[in-house]
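For the sequence shown, the residue numbers in the numbering used here are 10 to 477.
Reviewing the structure listed below.
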Amino acid sequence: MIFKDLCIMSSKDRELFYKVAEGISDIFYVLDYHWKFIYLNQEAERYFLVQREAVIGKCIWDVFPQAVHTILYEAVHKAKGSEEKLRFDAPSFSELDVWQAYTIYPGKDYIIILIKDITKRKEEQRLSEEFFMRVFNTGLSMMTIKTLNGRFVDVNKSWLRNTGYHKEEVIGKQESDLDIWASPETRENINHLLQQGPIYNYEVEFKTKEGSNRIGLLSMEEVEIGAVKYYLEAITDVTKQKELEKEMAKLDSLNMIGQMAAGISHEFRNPITTVRGFIQMLSDRKELANIREYFDIIIEEIDRANSIISELLTLSKNKTLNLRRDNINICLNKLFPMIQATAFNDDKDAYLELSDVPDICMDESEIRQLILNLTRNAIEASPSDGKVWISTYQEGNEVVLAIRDEGSGMDPEILSQIGTPFFTTKSDGTGMGLVICYRIAERHNAKIIIDTGAKGTTFLIKFKAIPE
Ligand code: ADP
Ligand code: MG
């Protein structure tokens, strides 16, 4: 009853063999190449519900016809004559909800089959995969599963929402097909980092389908799903936070400029006023009449320097604000003749379109400056014969002041620098007008929104209305 190799074992070794084979909790049996049972252990008897005396010497496919053409059947046929052991997981041929890990050792005249019950492990794996997929699909982070060479296998809802793609446009595609990264080095950098292991919170710039750039923190690591390795990639969109940070830094720098201006304005204005006085005096002299125009230029420039200092002073945080309940239309009506005159001088036209709006809380002198700065920019941006519209209207609980021009708009590059002190594209500009507008809006708890395109620019200032 015992196969050959066991016959040549010493009786002591044989005893040991039986002890081990009978002691293990795995199913263990041996077939010859006529597929007849040579040996089976106790666990195999228990599992197959047979007595070993009844099956030894019988062909396994006769005893268990249901096993013919199963994975096991194919595997032992494949293993026959080979020298490699074979490992695979498969459901049991007798009970389908039982998962087994098979190890098949082919010998010269016989084949050993070792079977471990892994139903529990499989179930745990299934649960953890199910859990993973649930987290994947409902997570707030943008998540993707990619093959190791960058092909999209799955993307979650948040990823689709944030990038604007449809699932069908993504699955199966290569990263490079979609042009996801804002700069081509990003991919290379990620690959470099991956060589050192998982990546946590690496700042990347990615592109949405419609082409706008977003900033995200990327984390990425290798995961195994169903015995295959993939990359799991998660991106947290931090564009909003980054913008806020920039905004804060800008305000901080404004404050500092204001403080500096307050500190030096006295020291600066006194001498410069003296210089201006002397120049004025000299320019009246008859013998200097031939260089009169130089004096005019000097005085103009001194006035400009003075006005920069005055503008800087408005930036100081400590400047007291004189907030009162007032209506912005009153202020606009007062200023309009002056705005119109400026426009006419420049061969342009200005229109006022006011609707009844609720009062707001405002400092009149600051609002006046805000209106003048914005209309001056609008007039300067307009072409000859261009029109500038100044309008007010109510939108929910907000009072909106809109200043629209027919200029050629602003490029994104310029738009991103707007509000930076001293940024100007004009040869005689100070680059302080909008900085001051932002400061005034901030002090009034108002928002500035810019809508710009090839047909012109509209500045919208949104104030909180005082409830009736
Ligand atoms: P300045 O007018 O002295 O240049 P501002 O702070 O008022 O400084 O404006 C900064 C820059 O913003 C301008 O130089 C211009 O390039 C741009 N800008 C402002 N308003 C407009 C507008 N209505 N249309 C086009 N560009 C504008
Ligand atoms: Mg200006």
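C-beta atoms are modelled at their ideal positions from N, C-alpha and C, and glycine is treated no differently.
Owing to the predicted nature of the structure, the values given are computational and were not obtained by experimental measurement.
With three or more beta-carbon pairs closer than 8 Å as the criterion, would you say the region 260-268 touches the region 316-324?
yes
Which runs of the alpha helix (DSSP H) spanning at least 4 residues fall entirely within the region 336-409, listed in chain order?
337-354 and 373-390
Could you have a look at GLN268 and say whether DSSP puts it in helix, strand or coil?
helix
Could you tell me whether any non-hydrogen atom of the ligand MG is closer than 6 Å to the CB of GLY428?
no
Measure the CB-CB distance between ILE470 and ILE457 and report whether it falls below 7 Å.
yes
Per the contact definition of three or more C-beta pairs closer than 8 Å, is the region 134-141 in contact with the region 149-156?
no
Just to confirm before moving on: does the CB-CB distance between VAL397 and ALA474 stay below 7 Å?
no
Simplified DSSP assignment, three categories, for ILE475:
coil
Between the Cα of TYR42 and the Cα atoms of GLY32, ILE306, ASN331 and GLY66, which residue gives the shortest distance?
GLY66
Please classify MET10 as buried or exposed, where buried requires at least 16 neighbouring CB atoms within 10 angstroms.
With a pLDDT of 38 at MET10, under the threshold of 50, the modelled position of that residue is not reliable, and the figure given next carries that caveat. With fewer than 16 Cβ atoms within 10 Å of its Cβ, MET10 is classed as exposed.
Given a threshold of 16 other Cβ atoms within 10 Å of its Cβ, counted over all protein chains shown, does GLY428 qualify as buried or as exposed?
buried
Distance, Cα to Cα, PRO421 vs GLY220?
13 Å
So, helix, strand or coil for MET10, using DSSP?
With a pLDDT of 38 at MET10, under the threshold of 50, the predicted position of this residue should be treated as unreliable, though the coordinate-derived value follows. Note: MET10 maps to coil in three-state DSSP.
For the region 234-245 against the region 155-164, do three or more pairs of beta-carbon atoms, one drawn from each stretch, fall closer than 8 Å, so that the two count as touching?
yes
Closest to LEU157 by C-alpha separation, out of TYR48, ASP335, ASN382 and ASN200, would be which residue?
ASN200
Report the start-end ranges of each beta strand (DSSP E) in the region 222-253 that is 3 residues or longer and not cut off at the edges.
222-234 and 237-246
Ordered along the chain, which non-local residues of its own chain (more than five positions away) have a Cβ less than 7 Å from that of THR172?
THR217 and LYS218
Using the Cβ count rule (16 or more neighbours within 10 Å means buried), how would you classify ALA258?
exposed
Proximal residues to THR79 (C-beta, below 8 Å), its chain only, five neighbours per side dropped:
ALA99 and PHE102
Buried or exposed by the 16-neighbour rule on C-beta atoms within 10 Å, applied to PHE472:
buried
If I follow the unbroken alpha helix (DSSP H) through THR329, where does it start and stop?
From DSSP, THR329 is part of no alpha helix (DSSP H); its letter is neither H nor E.
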